[in-house]
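Chains as they are written, first to last, in my numbering: chain Y, -18 to 347; chain P, -18 to 347. Positions of the beta carbon are idealized from the N, C-alpha and C atoms, including for glycine. See structure below.
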């Protein structure tokens, strides 16, 4: 095992920070950051901003100029060895005379994993892999999911009271959480390639599911809106169809899509799982469409279904400081769970105050 | 408004710390701490350990001996001016030649409030009131409640999953929270003069409701166990009747108490509120019995009833990192709440990890 110095950790930490600047713009590409250090001084920094534009390493090399020669490069993801939309970064690092490369994580794509590192080593550059690997993997969880599992990372967002209610029995629910929490959801949308909901939510709330906070710069891109609507009940007058960005409505069987298509939606047929759309198929299609992260904003039926099928990778709960009592709707509908053994155990990753609400971020322990 | 120095705050903070040493033993008396400072040096510390034993001021004066002369006394509660089980502390401070007294809060009992301070001032001692008053009042919330409202502070403890479930629909619930949370509940019991539950919980779980953690030294005193049991369904074989300490069973109407009384319980008749015991009356009786704090460990019916009647002063929720789904029982049964306007808003006072669970302490904002 390689031993890294405190300086190594600080530089890679900085590279991860730089990578995160691409949170709202880099996808479907991974977020990548690069720091070039010579004689203990940072001589160049770069990150990948947008697909089709320069990779992090190239930006850092450009910033460093002649100072790149003899420098150590800290890169959060293995440099590419192939020509995609841009020439290979491994070549560029070699050409610039970098003397050492430290990589946080390998390329997750099996067929290219290790190629960039091998190429660097063949060129005589000392190359290490694995510094702050967990943080790098977590940063690009969605990209890694798409590449290795063929489906996006599924992030389920729920707003509920402290006693677990998302609405009164009557449906009354606006607003359970405060404006700060609702603004925070804008950030979740902005980092996602798609926002998914169920037809029940569309019919009840007519949500727009778009990014509208002016300071969140996604380069004009809106997440794909995905509606699970097995019997195609969504009206052509749904509000989301009037906003910039595309809407995919997923139905089953033979349905008349004329009205929806006329209103600008894409309607696609999927297999059925009982009465509902086969979500596994939908997620596979989203993976094919290079969507790394799906944010699910849905009611208890879809939320419970995804949880039962172990399809939730991350749960983001905005918990308001209220007790709503028993004439309410719960967070998850799980008709098949009858004993404590059916429950799911969470790994709490982060808890923080957002306005007067508490945001709990957790993964499901399987 | 008096301006206090940083040193004043530090000394009063220390006095509050000392006061809290009486958490498990001082009740029904208030917790009180006292620090004596001369020429910037602490020359004596004391706290009130147990009713009938010396007050905080006397303990501090004893520790200081001759050094008390000319010292400043920091006391968390106004020194008493009357002879109770022990002689008045105001006299003792005067006799010891203390030159200044700083008090955190007045005595809450209207008829004596200000008397101790007046007596000190008459004796020529500079006396100030109000330093860290909110902290002092919070420390003795139960005592203040009993003295000013004639009823104890009601602390409601609930163990629930992150989605607000306290049990499966079948009743299966052992254990939702972990051993650390259950141990923490022992501390809540130890600081309470009474632990209250409903007959439903007794019949379902047969709880002991006692303090059994060996390191919690209550001086051998167990909180009074209180069972709300309108129709006197509690069996004489209930486990709690076999443990040291007293049990009060509260019923309505004319019931045959022979078996329960034979098993050692005290049975008392109260007025009825519909089908349930009038909790207001029960709390008034507990106040008469000098109980400062009642811990309620109950199911959703009693919890919801207390919440509806605005009788909950503090809510302590142990939230386990689980999703239990929809075939479950919720934290509160509130049959009369139908709109969002009925919900209660919480003031979150403290959130911390207890083992793998999260403990949320809140008051109800009225």
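Continuous alpha helix (DSSP H) stretch holding residue i: start and end
{"i": "residue 168 of chain P", "result": "160 to 171"}
{"i": "residue 119 of chain P", "result": "114 to 120"}
{"i": "residue 350 of chain Y", "result": "Outside the modelled stretch of chain Y, which goes from -18 to 347, sits residue 350 of chain Y, for which no answer is possible."}
{"i": "residue 103 of chain Y", "result": "96 to 103"}
{"i": "residue 147 of chain P", "result": "Careful: residue 147 of chain P lies outside any alpha helix (DSSP H), inside the beta strand (DSSP E) at 146 to 149."}
{"i": "residue 42 of chain Y", "result": "37 to 45"}
Extent of the continuous beta strand (DSSP E) to which residue i belongs
{"i": "residue 10 of chain P", "result": "Run containing residue 10 of chain P: none; DSSP gives neither H nor E here."}
{"i": "residue 109 of chain P", "result": "107 to 110"}
{"i": "residue 157 of chain P", "result": "First-last for residue 157 of chain P: undefined, no H or E at that position."}
{"i": "residue 326 of chain P", "result": "325 to 335"}
{"i": "residue 141 of chain P", "result": "134 to 142"}
{"i": "residue 20 of chain P", "result": "No beta strand (DSSP E) holds residue 20 of chain P; DSSP gives it neither H nor E."}
{"i": "residue 33 of chain Y", "result": "Neither: residue 33 of chain Y is in no beta strand (DSSP E) and is coded neither H nor E."}
{"i": "residue 49 of chain P", "result": "First-last for residue 49 of chain P: undefined, no H or E at that position."}
{"i": "residue 339 of chain P", "result": "338 to 346"}
{"i": "residue 177 of chain Y", "result": "175 to 179"}
{"i": "residue 320 of chain P", "result": "Element bounds for residue 320 of chain P: n/a, residue is neither H nor E."}
{"i": "residue 309 of chain Y", "result": "309 to 311"}
Whole-Å CB distance - residue i paired with residue j, under 8 Å assumed
{"i": "residue 315 of chain P", "j": "residue 331 of chain P", "result": "At roughly 25 Å, the Cβ-Cβ gap does not stay under 8 Å, so residue 315 of chain P and residue 331 of chain P are not in contact."}
{"i": "residue 239 of chain P", "j": "residue 252 of chain P", "result": "Going by Cβ atoms, the distance from residue 239 of chain P to residue 252 of chain P rounds to 22 Å, so no, they are not a contact pair."}
{"i": "residue 136 of chain P", "j": "residue 276 of chain P", "result": "5 Å"}
{"i": "residue 209 of chain P", "j": "residue 176 of chain P", "result": "About 12 Å separates the two Cβ atoms, so there is no contact after all."}
{"i": "residue 96 of chain P", "j": "residue 52 of chain P", "result": "Not quite, the Cβ-Cβ distance comes to about 22 Å (not below 8 Å), so this is no contact."}
{"i": "residue 211 of chain P", "j": "residue 244 of chain P", "result": "Rounded, the Cβ-Cβ distance is 19 Å, inconsistent with contact."}
{"i": "residue 12 of chain P", "j": "residue 3 of chain P", "result": "4 Å"}
{"i": "residue 56 of chain Y", "j": "residue -4 of chain Y", "result": "7 Å"}
{"i": "residue 279 of chain Y", "j": "residue 145 of chain Y", "result": "About 16 Å separates the two Cβ atoms, so there is no contact after all."}
{"i": "residue 264 of chain P", "j": "residue 296 of chain P", "result": "Rounded, the Cβ-Cβ distance is 17 Å, inconsistent with contact."}
{"i": "residue -2 of chain Y", "j": "residue 14 of chain Y", "result": "7 Å"}
{"i": "residue 93 of chain P", "j": "residue 63 of chain P", "result": "7 Å"}
{"i": "residue 321 of chain Y", "j": "residue 153 of chain P", "result": "5 Å"}
{"i": "residue 197 of chain P", "j": "residue 167 of chain P", "result": "6 Å"}
{"i": "residue 228 of chain P", "j": "residue 246 of chain P", "result": "5 Å"}
Member of the options whose CA lies at the smallest distance from the CA of residue i
{"i": "residue 89 of chain P", "options": "P/100, P/60, P/104", "result": "P/60"}
{"i": "residue 107 of chain Y", "options": "Y/74, Y/115, Y/128", "result": "Y/74"}
{"i": "residue 299 of chain Y", "options": "Y/70, Y/110, Y/338", "result": "Y/338"}
{"i": "residue 200 of chain Y", "options": "Y/172, Y/91, Y/222", "result": "Y/172"}
{"i": "residue 352 of chain P", "options": "P/118, P/80, P/24, P/83", "result": "An answer regarding residue 352 of chain P cannot be provided, because it is not within the stretch -18 to 347 covered by chain P."}
{"i": "residue 302 of chain P", "options": "P/281, P/188, P/296, P/336", "result": "P/336"}
{"i": "residue 281 of chain P", "options": "P/254, P/324, P/181, P/231", "result": "P/181"}
{"i": "residue 305 of chain Y", "options": "Y/140, Y/132, Y/93, Y/-8", "result": "Y/140"}
{"i": "residue 131 of chain P", "options": "P/272, P/-14, P/313", "result": "P/272"}
{"i": "residue 213 of chain P", "options": "P/15, P/72, P/249", "result": "P/249"}
{"i": "residue 235 of chain P", "options": "P/258, P/154, P/227", "result": "P/258"}
{"i": "residue 267 of chain Y", "options": "Y/55, Y/63, Y/207, Y/25", "result": "Y/207"}
{"i": "residue 283 of chain P", "options": "P/109, P/312, P/38", "result": "P/312"}
{"i": "residue 310 of chain P", "options": "P/194, P/204, P/151", "result": "P/151"}
{"i": "residue 123 of chain Y", "options": "Y/333, Y/231, Y/7", "result": "Y/7"}
{"i": "residue 125 of chain P", "options": "P/58, P/28, P/40, P/163", "result": "P/58"}
{"i": "residue 165 of chain Y", "options": "Y/147, Y/184, Y/195, Y/183", "result": "Y/195"}
Near the ligand ADP: residue i beta-carbon under 7 Å from a heavy atom
{"i": "residue 236 of chain Y", "result": "The ligand ADP is not among the ligands present in this structure, which contains no ligands whatsoever."}
Which runs of the beta strand (DSSP E) fall wholly inside the region 182 to 237 of chain Y and span at least 3 residues, in chain order?
205 to 209, 228 to 233
Could you run through the region 322 to 334 of chain P and flag, in chain order, every residue whose CB is less than 8 Å away from some CB of chain Y?
Listed by position, the residues of the region 322 to 334 of chain P near chain Y (Cβ gap below 8 Å) are 323, 324, 325, 326, 327, 328, 329, 332.
Unbroken stretches of the beta strand (DSSP E), 3 residues or longer, contained in the region 225 to 300 of chain P
228 to 233, 247 to 251, 274 to 278
Tell me which residues of the region 299 to 313 of chain Y have at least one Cβ-Cβ distance to chain P shorter than 7 Å, keeping chain order.
302, 303, 304, 305, 306, 307, 308, 311, 312, 313
In chain order, what are the residue ranges of uninterrupted alpha helix (DSSP H) at least 4 long that sit wholly in the region 65 to 89 of chain Y?
70 to 76
Give the residues from the region 275 to 290 of chain Y that approach chain P closer than 8 Å (Cβ to any Cβ), ordered along the chain.
Residues passing the 8 Å Cβ filter: 281, 285, 288.
Residues, ordered as in the chain, of the region 140 to 152 of chain Y that lie near chain P by beta-carbon distance below 8 Å
141, 142, 143, 144, 145, 146, 149, 150, 151
Selection of the region 335 to 347 of chain P by Cβ proximity to chain Y, strictly under 9 Å
337, 339, 341, 343, 345, 346
If the cut-off is 7 Å on Cβ atoms, which residues from the region 172 to 183 of chain P count as contacting chain Y, listed in chain order?
none
At a CB distance below 9 Å, what residues from the region 27 to 45 of chain Y approach chain P? Give them in sequence order.
none
What are the residues of the region 48 to 81 of chain Y that lie near chain P, defined by any Cβ-Cβ distance shorter than 7 Å?
none
Within 8 Å of chain Y by C-beta, residues of the region -5 to 23 of chain P in sequence order:
none
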